[in-house]
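Reviewing the structure listed below.
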Amino acid sequence: MLELEHGFRVVDVYARLEPDDGDGDGAPRGYTITPDRLEREMHQAGITRSIVFPPASAETSYLASNNGVARRSVDRPFVAFARINGTRRPEGSPTGRLRNAVSRRKEYHTSPGDVEKYAYDDRFHGFVFDPTVDDYPDEDVLDVLEDVGLPLLVRAGVDAPPAELAEMLLGRSFPVVVAHFGGHPLDRSLMHEMIDLLDEYDDCYLETSFVRYRDLLERAVLEHPDRVFFGSGAPACHPNVAVMEILTLDVSEDMLRRVFSKNACRVIDALESDVQLRV
1 MLELEHGFRV VDVYARLEPD DGDGDGAPRG YTITPDRLER EMHQAGITRS IVFPPASAET
61 SYLASNNGVA RRSVDRPFVA FARINGTRRP EGSPTGRLRN AVSRRKEYHT SPGDVEKYAY
121 DDRFHGFVFD PTVDDYPDED VLDVLEDVGL PLLVRAGVDA PPAELAEMLL GRSFPVVVAH
181 FGGHPLDRSL MHEMIDLLDE YDDCYLETSF VRYRDLLERA VLEHPDRVFF GSGAPACHPN
241 VAVMEILTLD VSEDMLRRVF SKNACRVIDA LESDVQLRV
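Counting in the UniProt record's numbering, the sequence shown runs from 1 upward without gaps.
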């Protein structure tokens, strides 16, 4: 595929990377490619740095998967985020309240000590979780996340809508990056709701992968030019496609630069420096 020539520095805050063979605990979830191919595709799209993390998997410790992703990020333009999980569910239903009352952290759940170890391991630069698979971190884990202050990337959508994120997570003192504008898959009303919440939560940011509606992207960028981060959604989506969707927005060049790199680099320090690409 031809390389894109667009003149922008681009950093990507949402790319999944499989851990080393043997580090996982079952069949890969979703479309997968090798780290070398992911690196080549990022280069083709003009992406100079990418946040990567392992796929979600229920009832498993993420220690081996996180370490595998960190190993595969060495000497590549990848920034590893550690995947975490929890024990909490929203309490808006009797089922959720009952489960939270009786649930206890198991061996495979992320503990406050695990968060501290990841935070002070220079291979990791933030955290990621999917509420639909990983559940929500408990209060003790959230307290430690506040102490370390690293960004938390959250997959959100119809099974974890904006109101639920606000109840369970937002309002803490660490940056929260909400993937897919909070409306995966392609729920316009949830995406609008998530954009509205930016007025209320100063440490909340939106990530653009799998947001296919130009009017929603333009609304978020124009109303909150410092709060939108580019994400490719690789390998499920080719980075070229994701970059082109942003390039075609009817916004100023300065706003494009903010979305492509300036906003994310202000919040995630590791994205500032580039690694020499191998092609």
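Glycine is no exception: its CB is placed at the ideal position from the N, C-alpha and C atoms.
{"Item": "Distance CB(P162)-CB(L186) smaller than 8 Å", "Value": "no"}
{"Item": "Rounded straight-line distance, which links the Cα of T132 to that of A70", "Value": "24 Å"}
{"Item": "Same chain, Cβ closer than 6 Å to S61, neighbours up to 5 away in sequence not counted", "Value": "Y108"}
{"Item": "Given 8 Å, three or more beta-carbon pairs between the region 30-37 and the region 249-263", "Value": "no"}
{"Item": "Residue closest to A264, alpha-carbon to alpha-carbon, out of H238, V79, S65, R155", "Value": "V79"}
{"Item": "Burial state of D12 (16 or more Cβ within 10 Å)", "Value": "buried"}
{"Item": "The region 116-123 / the region 159-179 touching (three or more Cβ pairs under 8 Å)", "Value": "no"}
{"Item": "Classification of L216 by the beta-carbon crowding that lies within 10 angstroms, buried from 16 upward", "Value": "buried"}
{"Item": "Reference I84, options P151, E91, D203, closest by Cα", "Value": "P151"}
{"Item": "DSSP-derived helix/strand/coil call for V74", "Value": "coil"}
{"Item": "Straight-line Cα distance separating S65 from G22", "Value": "Note that G22 has pLDDT 43, beneath the 50 cutoff, so the model's placement of it is unreliable and no number is given."}
{"Item": "Spatial distance of D147 from R105 (CA atoms)", "Value": "20 Å"}
{"Item": "Three-way DSSP call (helix, strand, coil) for G7 in this model", "Value": "coil"}
{"Item": "Coil, strand or helix - C204 by DSSP", "Value": "strand"}
{"Item": "L153 (DSSP reduced to helix, strand or coil)", "Value": "strand"}
{"Item": "Short Cβ contact (8 Å threshold) for V243 with G46", "Value": "yes"}
{"Item": "Cβ neighbour criterion (16 or more within 10 Å) applied to T248", "Value": "exposed"}
{"Item": "Same chain, Cβ closer than 7 Å to D25, neighbours up to 5 away in sequence not counted", "Value": "With a pLDDT of only 48 at D25, under the threshold of 50, the placement of this residue in the model should not be trusted, and no figure is reported."}
{"Item": "Neighbour-count burial assignment, A27, 16 or more Cβ in a 10 Å radius", "Value": "Because the pLDDT at A27 is just 46, under 50, the model does not fix this residue reliably, and the point stays unresolved."}
{"Item": "3-residue-minimum beta strand (DSSP E) runs that sit fully inside the region 127-206, ordered along the chain", "Value": "152-157, 176-184"}
{"Item": "Test item: CB-CB of F210 and C237 under 8 Å", "Value": "yes"}
{"Item": "D135 and R88 closer than 8 Å at C-beta", "Value": "yes"}
{"Item": "Spatial neighbours of V144 in its chain, beta-carbon cut-off 7 Å, leaving aside the 5 residues before and after", "Value": "P112, V115, E116"}
{"Item": "Reduced DSSP secondary structure (H/G/I, E/B, other) of Y14", "Value": "strand"}
{"Item": "Backbone CA spacing between D20 and G68 [nearest angstrom]", "Value": "5 Å"}
{"Item": "G157 beta carbon less than 8 Å from that of Y14", "Value": "no"}
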